[in-house]
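Everything on this sheet refers to the single structure shown next.
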Amino acid sequence: MARFFAKRTLTAIIQVLIVTTIVFFALKMMPGDPVLLMLSRDGSSVDPAAYEALAKQLGLDKPILRQYRNWLTGLFTGDLGMSYTERRPVMDAIGDRLPRTLELAGASLLIAVVIGIPLGIAAAVKRGSWVDLLLTGISSLGQSVPVYVFGYILVLIFALNMRLLPSSGYVPIHRNPVEHFRRLILPACTIAFGFSASMLRMTRSSMLEALSSEFVRPLYARGLSKARVHMKHMVRNMLIPVVTIIGLQLGALIAGTVLCEAVFNWPGIATLLVKAISNRDYPLIQGCMLILSIIFIVTNMVVDLLYGLLDPRAR
Amino acid sequence: MSGKHLLEVKDIRVVFPGKKGEFAAVDGVTFHLDQGEILCIVGESGSGKTMTGLSVLGLLPEQARVAAGTVRYQGRELLGLSEQEMYGIRGKEISMIFQDPMVSLDQVFTVGSQLVEAIRVHTKMDKRSAVELSLEMLDKVRIPNPERVFGSYPFELSGGMCQRVMIAIALCCHPKVLIADEPTTALDATVQAQILELLVELRDATHIGIILITHDLDIVKGMADRIIVMYAGKMMEMGTRQDVFSNPLHPYTQGLLKCVPTLDMPEGFRLYNIEGIVPDIQDMPEGCRFCTRCPRAEEECCIVQPELREIAPGHFVSCLKVDEVSEVKAGWAQ
Ligand SMILES: Nc1ncnc2c1ncn2[C@@H]1O[C@H](COP(=O)(O)OP(=O)(O)O)[C@@H](O)[C@H]1O
Ligand SMILES: [Mg+2]
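If you read the protein sequences in the order shown, they are chains A and B. FYI, in the numbering used here the residues of the first sequence are 1 to 315. FYI, in the numbering used here the residues of the second sequence are 1001 to 1334.
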């Protein structure tokens, strides 16, 4: 287990380095000049002396490989540089935004698991019944409706029409916890809808596979009840593939969060990244990408470990 | 058959939905089992042996249905019982082990936890005593180092070990009947012999009644007390080992016995093979199901269904020509 963990950590570090390196050079190839953008928002002409001074201050006058080396040294000393537009360390900006994104993604995942897995089990156990048809019908809808469409539908119904919940925005939890969670509900449900739909389908099909395995009849032959066979043995076998697929879908979850933050004006890391890209705020973009890839790789690692715990054959 | 037997199965008929309405995969199977007895059911694959066994425990596939018959255990009818009531029968009164032990255990739970679970669904035993009993059972089925196997996962064990574990689970609540469906078909020859030896040993020690399902006549010859010969869902012949091996009356049984290779057979000796193939189970002849291949079939055999008749005490045969056949057999014996 320890060796497995060490190996995974090492690959994870290499993966993060590769991702950030690609992002670094891709950024430099992107059209658009941050210095110009900072000096003249409206596209008017710029004083060459001021341009040179700012470029020098930002370190953009140095050769590109040198810039890369500086960024790497910064990375290993825990310094991601200063954001051009936020005018504060990239670390601080990310530190503000990241917890909000994690909260949104975590809440969505929780809702999706709590809804998708039990309903998937129910659909499989009652295969072919109207319950199954209804659930698989709704879930194919859930998988095909894009996040922003469903988000606006929810806003229309629950915010504009019924006036139950605010349509968008964010209130820090320490200021007003009730309002904080009221604003979390709609965006979290928006992401969870599609995600719970795919979770339902995965659960249903792996549950059906478990139910058709050879050892089911021997379990009944021992005198185990249907409830015990289903809820203990089948569920445990079903969870193994489901957990893996959830892991593979975490990328989709993060992508969903990006769109959802925009729709609901949720000030998470995705909105920060979008703003940074339009301003060519290189250090901030780099920092966000670094954090996102770390999250992605770490969650995958956790899923692998979980998989090892669930499936004795994988240990 | 008067109701004093441990298990009595009468006129069981198992049907599946087929191309042209329902077809019977098992038809009119009738037998009884007593304590301490080993009853072998033999027949080619597809002859309905497994379905016969499953119908006793109410574990038939979803599509199948018991269309007729009775299954009495200690005088109590099992076929009408609710699922709830069957939970108390399976594993506690009647147990079953299966053909492929490697896939008959839940792979993600340890052997120990599956044993403890099986014990605790039937008894109010606390966890510690259940663990103790589990270890005892593993020892009883001759597993070396029970503590290690207790904590192992099934995929870490060999096929023979898995079958021993299956037997331990099947017997942990002291059932009176064990149905063993081809328990050694998936195993190596040496392991096969060990498992069969174990079954005989356990029978001697506990007086459990065993229904041993197999297609291997060597096994039957070695350990059966009584034998049922099945063909295409029907019983052809039933009798003691002596009856069936020394005085086979049904042409099918006689054909089967000629297929068994013996050590003293001269080299190059061609094995006797029953001509033809088993007819489609969904399209059986009207009369005797064996009539298409029977060397002694006459016109009426293909029209009239033979009944299972008791020719001598305990020796049943389902053949219209049985008296003639027994004479012919006398000629073969020379
Ligand atoms: N799941 C099933 N669906 C349809 N028919 C089946 C099914 N299982 C068994 N049968 C039918 O029952 C017959 C007897 O099967 P089985 O009892 O398994 O034979 P055996 O154990 O003697 O090899 C088969 O020939 C087949 O036609
Ligand atoms: Mg079989």
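Glycine is no exception: its CB is placed at the ideal position from the N, C-alpha and C atoms.
- Going by beta carbons, residue 1116 of chain B and residue 1131 of chain B fall inside the 9 Å limit.
- A straight line joining the alpha-carbon of residue 1155 of chain B with that of residue 313 of chain A spans about 8 Å.
- Between residue 1288 of chain B and residue 1323 of chain B, the alpha-carbon positions lie close to 16 Å from each other.
- In this structure, residue 229 of chain A lies away from residue 207 of chain A, with their beta-carbon atoms at least 9 Å apart.
- Given a length threshold of 4 residues, each whole run of the alpha helix (DSSP H) inside the stretch 207 to 278 of chain A is given here in chain order: 216 to 221, 235 to 248, 250 to 264, 269 to 278.
- Residue contact check for residue 311 of chain A against chain B: a CB pair falls below 9 Å.
- Considering only A:259, A:54, A:217, the residue with the shortest C-alpha distance to residue 84 of chain A is A:54.
- The way I'd put it, the stretch 102 to 118 of chain A does touch the stretch 259 to 275 of chain A; three or more beta-carbon pairs between them come closer than 8 Å.
- Proximity annotation: ligand 1 has residues B:1016, B:1025, B:1043, B:1045, B:1046, B:1047, B:1048, B:1049, B:1050, B:1051, B:1061, B:1063, B:1281 in chain order, each selected because its CB is closer than 6 Å to a heavy atom of the ligand.
- Counting only residues of its own chain and dropping the five nearest sequence neighbours on each side, residue 1137 of chain B has a CB closer than 6 Å to the CB of 1168, 1172.
- 9 Å or more divides the Cβ of residue 65 of chain A from the Cβ of residue 1108 of chain B.
- For a cut-off of 8 Å, the C-beta gap from residue 1102 of chain B to residue 1159 of chain B is around 5 Å, short enough to register as a contact.
- The Cβ neighbour count for residue 279 of chain A, taken over all protein chains shown within 10 Å, is at least 16; the residue is labelled buried.
- Taking a Cβ-Cβ threshold of 7 Å, none of the residues of chain A is close to residue 1023 of chain B; the smallest such distance is about 22 Å.
- Proximity of the beta carbon of residue 1099 of chain B to ligand 2 is indicated: a heavy atom of the ligand is located closer than 8 Å.
- Within the model, the alpha-carbon separation for residue 30 of chain A versus residue 136 of chain A is close to 44 Å.
- Distance from the C-beta of residue 1204 of chain B to the nearest heavy atom of ligand 2 is not below 8 Å.
- In the DSSP assignment, residue 91 of chain A falls outside any beta strand (DSSP E) and lies within the alpha helix (DSSP H) extending over 90 to 125.
- Between the stretch 203 to 222 of chain A and the stretch 266 to 286 of chain A there are fewer than three C-beta pairs closer than 8 Å, too few to call the two in contact.
- Counting only unbroken stretches of 3 or more residues, the beta strand (DSSP E) elements lying wholly within the stretch 1267 to 1328 of chain B are 1309 to 1312, 1315 to 1317, in sequence order.
- Note that the C-beta distance between residue 1204 of chain B and residue 1053 of chain B is not below 9 Å.
- Against chain B, the beta carbon of residue 224 of chain A has neighbours under 9 Å at 1087, 1090, 1091, 1117, 1118, 1121, listed in chain order.
- The stretch 1058 to 1076 of chain B and the stretch 1246 to 1253 of chain B do not touch, with fewer than three beta-carbon pairs separated by less than 8 Å.
- Between the beta-carbon of residue 1135 of chain B and that of residue 1146 of chain B there is about 5 Å, and that keeps the pair under the 8 Å contact cut.
- At a cut-off of 9 Å, the C-beta of residue 246 of chain A has no neighbouring C-beta in chain B.
- Residue 1169 of chain B belongs to the set of residues whose beta carbon lies under 9 Å from a beta carbon in chain A.
- Residue-level contact by beta carbon holds for residue 1110 of chain B and chain A, with a gap shorter than 9 Å.
- Exposure of residue 130 of chain A is indicated by the presence of fewer than 16 other C-beta atoms within 10 angstroms of its C-beta.
- Around the Cβ of residue 1321 of chain B, a 10 Å sphere holds 16 or more other Cβ atoms; the residue is buried.
- Of the heavy atoms belonging to ligand 2, none sits nearer than 8 Å to the Cβ of residue 1216 of chain B.
- Excluding residues up to 5 positions away in sequence, 199 lie with their Cβ nearer than 7 Å to the Cβ of residue 113 of chain A in the same chain.
- Exposed is the label assigned to residue 1045 of chain B, since fewer than 16 other Cβ atoms lie within 10 Å of its Cβ.
- In the same chain as residue 1125 of chain B, and ignoring 5 residues on each side of it, the C-beta atoms closer than 8 Å to its own belong to 1119, 1133, in chain order.
- Remark: the shortest separation between the CB of residue 1213 of chain B and any heavy atom of ligand 2 falls under 8 Å.
- For residue 214 of chain A, the nearest beta carbon of chain B is closer than 9 Å to its own beta carbon.
- Identification of residues in the stretch 1153 to 1165 of chain B having a C-beta nearer than 8 Å to some C-beta of chain A yields 1153, 1155, given in sequence order.
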